[in-house]
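Taken in order, the sequence shown gives residues 7 to 145; the numbers are from our numbering.
No residue lacks a Cβ here, since even glycine has one placed at the ideal position from N, Cα and C.
What follows is a single structure, written as structure tokens, with notes after it.
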Amino acid sequence: MKAAGEPGRGHARRRTARRQAIDILYQADVTGRDPSVVLKEWDAAGRSVSPYAVEVVTGVERLLADIDRDLGTHAEEWTVPRMAAVDRTILRVACYELRAGIPVAVAINEAVEAANELSTEDSGRFVNGILGRIAREPE
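As structure tokens, this is what we get:
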């Protein structure tokens with residue numbers, strides 16, 4: 007039996023899918039290829055990609071200019087190209103999720119956890135600060 011407050015299997019599946027999306031988008035970013043091309047390569051290689059990861063990858067690709075504009079506006083003293091590639095990718099995924107209606111607390115928490123696990127010691131705070139400013143902005 008799961009304890010109160012413990013995430014369920016749906017949460018774990020969503021987190022796994024989110025990490026797949028981060029991996030695909032990161033690979034596209036550092037190799038200079040379109041995310042849709044990397045997604046097709048994963049499929050051709052027989053790597054299973056969850057439907058939610060596909061949704062996030064295609065959503066980020068479709069909204070990339072708008073997402074990067076938001077990031078650039080809210081990243082005090084940072085340009086998007088100057089950000090570490092993994093941080094930039096995590097921020098892009100979180101921005102897409104915020105636009106897609108994922109609750110603010112969930113999107114930010116997942117992004118901060120990903121940054122803490124996948125990037126530098128300071129990345130969680132960096133990601134949290136930018137996403138907090140984006141979330142506070144009136145629509």
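Thinking C-alpha only, which one of Arg39, Val43, Ala18, Tyr58 is nearest tyrosine 102?
Ranking Arg39, Val43, Ala18, Tyr58 by CA distance to the CA of tyrosine 102 puts Tyr58 first.
What are the start and end residues of each continuous alpha helix (DSSP H) run of 4 or more residues lying completely inside the region 44-81, in chain order?
Taking only runs of at least 4 residues, the alpha helix (DSSP H) segments lying wholly in the region 44-81 are 57-80.
Thinking just about the alpha-carbon of each residue, which of Leu70, Leu124, Glu127, Gly138 is nearest to the one in valine 110?
Checking every option, the nearest Cα to that of valine 110 belongs to Gly138.
From Ala50, Glu47, Asp29, residue whose alpha carbon lies closest to that of valine 62
Residue nearest to valine 62 within the set Ala50, Glu47, Asp29 is Asp29 (criterion: CA-CA distance).
With distances taken from CA atoms, which of Arg20, Val66, Gln26 is nearest tryptophan 48?
When only C-alpha atoms are compared, the closest one is Gln26.
Measure the C-alpha to C-alpha separation of aspartate 40 and glutamate 67 and round it to an integer number of angstroms.
Spanning the two alpha carbons is a distance of roughly 8 Å.
Return the chain-ordered list of same chain residues with a C-beta closer than 8 Å to the C-beta of tyrosine 32, the five sequence neighbours on each side being excluded.
Counting only Cβ-Cβ distances below 8 Å, and skipping sequence neighbours, we find Ala91, Val92, Thr95.
Reduced DSSP secondary structure (H/G/I, E/B, other) of glutamate 127
Glutamate 127 carries a coil assignment under DSSP once its states are collapsed to helix, strand and coil.
So threonine 22 is in the alpha helix (DSSP H); what residue range does that whole segment cover?
Secondary structure note for threonine 22: its alpha helix (DSSP H) is the uninterrupted segment 15-37.
Check the C-beta distance from isoleucine 73 over to arginine 53 and give it rounded, since I have them as a contact under 8 Å.
About 25 Å separates the Cβ atoms of isoleucine 73 and arginine 53, ruling out a contact at the 8 Å cut-off.
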